[in-house]
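Structure follows, in structure tokens:
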């Protein structure tokens, strides 16, 4: 049995199928960990979501910001943008099964046999793992409640609060937790987020740094698996922090990391 962690699919079904062939994926033997953003911007978001749903007994998935955007749109709390490729999902006859399953996915997955944790954007540097686990569960519980989920999606978008404090309540609290797990790239010394910058990790906004370079990062003995940041091109320069998004939807590659030996497999996505 092998365990493969794979970066952002973003609606790129053909490269995903090719990568599964490359690793000789066997659902009777192997497991997949998908780092979120299953959909959007790529040519076949519906096909990609259906394929993952078909493999759901062998796949663990965390929610990414594009997955949450799809769910917000399905609840009537977001309009689609010109570059979105989500309408076929919203029109699909099996949309309720697909979206119901997607909404029940977690923000954080632990893989204890590899001392690993996976989220879409990373592990907030000033949070201990037990804190991250508890805060992810807060939002997952909200998404499982019909009434609270509506309030969540109605108030999900926004860049504030910029950072965490224990006194946060309600939709502000849910929003900042979600932003840390699904949108984080750069943080400052206080752990606050800059959500307006998406560029190269060596060109951070003044006063900010990549989250994994924070000098007081709490969890250095946990292997962190994450996607979201295509500009990293799969490299962080930080031991135990594994970037999986290699920009398939932007013409790069789709990457699978085999956790047993650290070998990376890639499939070109042009």
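Residue numbers (the UniProt record's numbering): 1 to 270.
By construction, the Cβ of each residue, glycine as well, lies at the ideal position given by its N, Cα and C atoms.
Pick from the options that is closest to residue i, judged by C-alpha positions
| i | options | result |
| --- | --- | --- |
| residue 101 | 172, 63, 230 | 63 |
| residue 157 | 201, 20, 71, 238 | 71 |
| residue 150 | 172, 177, 163, 76 | 76 |
| residue 238 | 255, 253, 216, 212 | 212 |
| residue 189 | 80, 215, 78, 35 | 215 |
| residue 253 | 241, 116, 232 | 232 |
| residue 7 | 247, 262, 263, 251 | 247 |
| residue 41 | 18, 169, 69, 58 | 69 |
| residue 36 | 251, 268, 229 | 229 |
| residue 38 | 22, 103, 81, 79 | 103 |
| residue 58 | 95, 81, 20 | 20 |
| residue 55 | 22, 176, 16, 86 | 16 |
| residue 107 | 82, 177, 44 | 177 |
| residue 236 | 269, 251, 210 | 210 |
| residue 250 | 269, 264, 263 | 269 |
| residue 191 | 82, 81, 163, 22 | 163 |
| residue 147 | 159, 255, 170, 132 | 170 |
Opposing strand residues paired with residue i [DSSP bridges]
| i | result |
| --- | --- |
| residue 243 | 226 |
| residue 61 | 34 |
| residue 110 | 117 |
| residue 180 | Its beta-bridge partners do not exist; DSSP assigns none. |
| residue 187 | 193, 209 |
| residue 265 | 256 |
| residue 4 | 32, 258 |
Cβ-based burial, residue i [other Cβ within 10 Å; buried from 16]
| i | result |
| --- | --- |
| residue 113 | exposed |
| residue 165 | exposed |
| residue 99 | buried |
| residue 145 | exposed |
| residue 227 | buried |
| residue 10 | buried |
| residue 130 | exposed |
| residue 179 | buried |
| residue 78 | buried |
| residue 193 | buried |
| residue 199 | exposed |
| residue 67 | buried |
| residue 167 | exposed |
| residue 243 | buried |
| residue 201 | buried |
| residue 74 | buried |
| residue 105 | buried |
| residue 91 | exposed |
| residue 234 | buried |
| residue 245 | buried |
Same chain, Cβ closer than 7 Å to residue i, five either side skipped, listed in chain order
| i | result |
| --- | --- |
| residue 2 | 30, 258, 260 |
| residue 183 | 65, 121, 195 |
| residue 218 | 125, 126, 127, 128 |
| residue 172 | 161 |
Cβ neighbours of residue i in the same chain (closer than 6 Å, five flanking residues each side left out)
| i | result |
| --- | --- |
| residue 197 | 186, 205 |
| residue 33 | 5, 60, 118 |
| residue 278 | One cannot answer for residue 278 here, as it falls past the ends of the chain, which runs 1 to 270. |
| residue 241 | 212, 224 |
| residue 110 | 117 |
Residues near residue i by beta carbon distance below 8 Å, same chain, minus five either side
| i | result |
| --- | --- |
| residue 277 | Missing from the structure shown is residue 277; the chain here goes from 1 to 270 and no further. |
| residue 222 | 115, 116, 117, 123, 129, 240 |
| residue 264 | 234, 255, 256, 257, 258 |
ask   = Do the region 84 to 100 and the region 130 to 140 meet, that is, are 3 or more Cβ pairs less than 8 Å apart?
value = no
inquiry  = Can you confirm whether the region 38 to 50 touches the region 19 to 28 when touching is taken to mean that 3 or more C-beta pairs between the two stretches lie within less than 8 Å?
reply    = no
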